[in-house]
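> Numbering (our numbering), first residue to last: 514 to 835. Each residue gets a CB set at the ideal place from its N, CA and C atoms; glycine is no exception. Just so it is clear, the structure is predicted and the values come from calculations on it, not from any experiment.
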Amino acid sequence: MPRPEAEPVIEVRGLVKRYRESDRPAVDGLDLTVRAGEFVALLGPNGAGKTTTLSILTAALTKTGGTVRVAGFDLDTQAREIRANIGILFQNPSLDLRLTAEENLRFHASLYGIYGYRPAFRLMPRAYREQVRALARLLGIGDQLFERVEKFSGGMRRKLEIVRSLMHHPRVLFLDEPTQGLDPVSRQSLWDHLRSVQRTEGTTILLTTHYIEEAEGADRVFIVDHGRLLTQGTPESLKVQIADRYLLLDAADRGQLLRDLAGSPVTPREDGLLQVAFDGATPQALLARLTVPLTVLRIHVPSLEEAYLELVGREAAGGEAS
Ligand SMILES: Nc1ncnc2c1ncn2[C@@H]1O[C@H](COP(=O)(O)OP(=O)(O)O)[C@@H](O)[C@H]1O
Ligand SMILES: [Mg+2]
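1) When the distance is taken between beta carbons, is leucine 688 closer than 8 Å to leucine 602?
2) Using 8 Å as the threshold, is the C-beta distance between glycine 668 and serine 699 below it?
3) Quick one: Cα of leucine 770 to Cα of glutamine 754, how far?
4) By the DSSP assignment, the alpha helix (DSSP H) with isoleucine 755 in it spans what residues?
5) Quick one: using the 10 Å Cβ neighbour count with 16 as the cut-off for buried, is alanine 801 buried or exposed?
6) Of all residues in the structure, which have a C-beta closer than 6 Å to any heavy atom of ligand 1, taken in chain order?
7) At the level of alpha carbons, what is the spacing between alanine 820 and arginine 639?
8) Suppose you measure from the CA of arginine 516 to the CA of leucine 799; what does that come to, to the nearest Å?
9) Tell whether a beta-carbon distance below 8 Å holds between isoleucine 654 and valine 685.
10) Please go through the region 570 to 654 and give each complete beta strand (DSSP E) segment of 3 or more residues, from N-terminal end onward.
11) Mark aspartate 656 as exposed unless 16 or more other C-beta atoms lie within 10 angstroms of its C-beta, in which case mark it buried.
12) Compare the beta carbon distance of glutamine 701 and glutamine 604 with 8 Å and say whether it is the shorter of the two.
13) Once DSSP output is grouped into helix, strand and coil, what is the label at valine 529?
14) Assuming leucine 760 contacts arginine 712 (C-beta within less than 8 Å), just tell me the rounded distance between them.
15) Does at least one heavy atom of ligand 2 sit under 7 Å from the Cβ of glutamate 727?
16) I want to check one thing, is the minimum distance from the CB of glutamate 616 to the heavy atoms of ligand 3 below 7 Å?
17) When you compare each of Val581, Leu695, Arg548 and Val662 to glycine 715 by their alpha carbons, which one comes out closest?
18) Quick one: Cα of methionine 637 to Cα of valine 529, how far?
19) Got a sec: does ligand 2 put a non-hydrogen atom nearer than 7 Å to the Cβ of aspartate 689?
20) Would you give the residue range spanned by the alpha helix (DSSP H) that valine 685 belongs to?
21) Beta strand (DSSP E) containing aspartate 541: first to last residue?
22) Assuming threonine 808 is part of the beta strand (DSSP E), what are its boundary residues?
23) Please look up how many angstroms separate the CB atoms of threonine 566 and leucine 588, rounded, as I've assumed it's under 8 Å.
24) Here's the rule: buried if 16 or more other CB atoms are within 10 angstroms of the residue's CB, otherwise exposed. What is threonine 721?
25) Please classify leucine 703: does DSSP put it in a helix, a strand, or coil?
26) Hey, would you say valine 540 sits closer than 8 Å to glycine 557, going by beta carbons?
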């Protein structure tokens, strides 16, 4: 038997989901592989099929076709084992606002059979108290543990939900748009905390997002649209893979510059500069061939946003990008 750690922790092959009322599949032959300990983002516009995919992977929704393995278990025959080994944060928060943060955790822990229920924090087993304090500290809500959740900001509520989802030491944590509706500072802070969880607990994390800037922070990004995987890779590799990298050059001796660049893909631009693509080569190799002094030298490094817009299209991405 191979050790479960040696396998990918999430393996999806040809996943299909067809909702009864609609003719177009919401998920249309999706393939995903995530290794243990990775932090990956499923990036795609609204309606791309992210929530549907996540619901299937967490055994909350039935699939139409394909195979899914999570944490070493097969979804078709071992859905119960999958549920026991994952944590989930759905798009809509599900906390009891009238209770304190700790009470929310205590009820959850007893409901899921992690710890027996006692009517006060101090009566709970030491293991529970230590775990709650450690997780709360890790997520930055240590001080507010005994305050009512209704006083919490959106970011704090999200963090509390993460603490709650980690109490049974899941191997994989799934989060559906966890930063939606949060301000940029809270978003960044939540990501930092998820990174700490990944590091200290060794948890594999898969989250969905439609924020492109945010996906830059993931180890790997899966770009999806219309229920299909458009491409995947590290943020760096996606930029190189999809968007153009080029140099912008000019020289007093334009003629010689053009002769030096013979054989390279050169495009004159409206602003008068020469755009020279260096796909497959290094900019250094290109510059080494030049014999004239340059008056302009700029390097264009694409952003993930350019790569994403190239793939998904401006309209789908919100139409606001310039
Ligand atoms: N319960 C449902 N019944 C019918 N169609 C649905 C249902 N849920 C989602 N869909 C459709 O499936 C597609 C994917 O939706 P969803 O998975 O929610 O995408 P995302 O989370 O990326 O925004 C959309 O076209 C959506 O309208
Ligand atoms: Mg969604």
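Let me spell this out:
1) yes
2) yes
3) 28 Å
4) 748 to 755
5) exposed
6) Tyr532, Glu534, Ser535, Ala539, Gly557, Asn559, Gly560, Ala561, Gly562, Lys563, Thr564 and Thr565
7) 50 Å
8) Residue confidence for arginine 516 is low, a pLDDT of 46 falling below 50, so the modelled location carries little weight; the figure read from the coordinates is stated next. The alpha-carbon atoms of arginine 516 and leucine 799 are separated by roughly 48 Å.
9) Cβ distance not < 8 Å, so isoleucine 654 and valine 685 don't count as in contact.
10) 578 to 583 and 599 to 602
11) exposed
12) no
13) strand
14) Not confirmed; about 38 Å, so no contact.
15) no
16) Ligand 3 is absent from the structure shown, which contains only ligand 1 and ligand 2.
17) Arg548
18) 44 Å
19) yes
20) No alpha helix (DSSP H) holds valine 685; the beta strand (DSSP E) holding it covers 685 to 689.
21) 540 to 547
22) 807 to 813
23) About 12 Å; that fails the 8 Å criterion.
24) By the neighbour-count rule (16 or more Cβ atoms within 10 Å), threonine 721 is buried.
25) Here leucine 703 sits in helix by DSSP.
26) no
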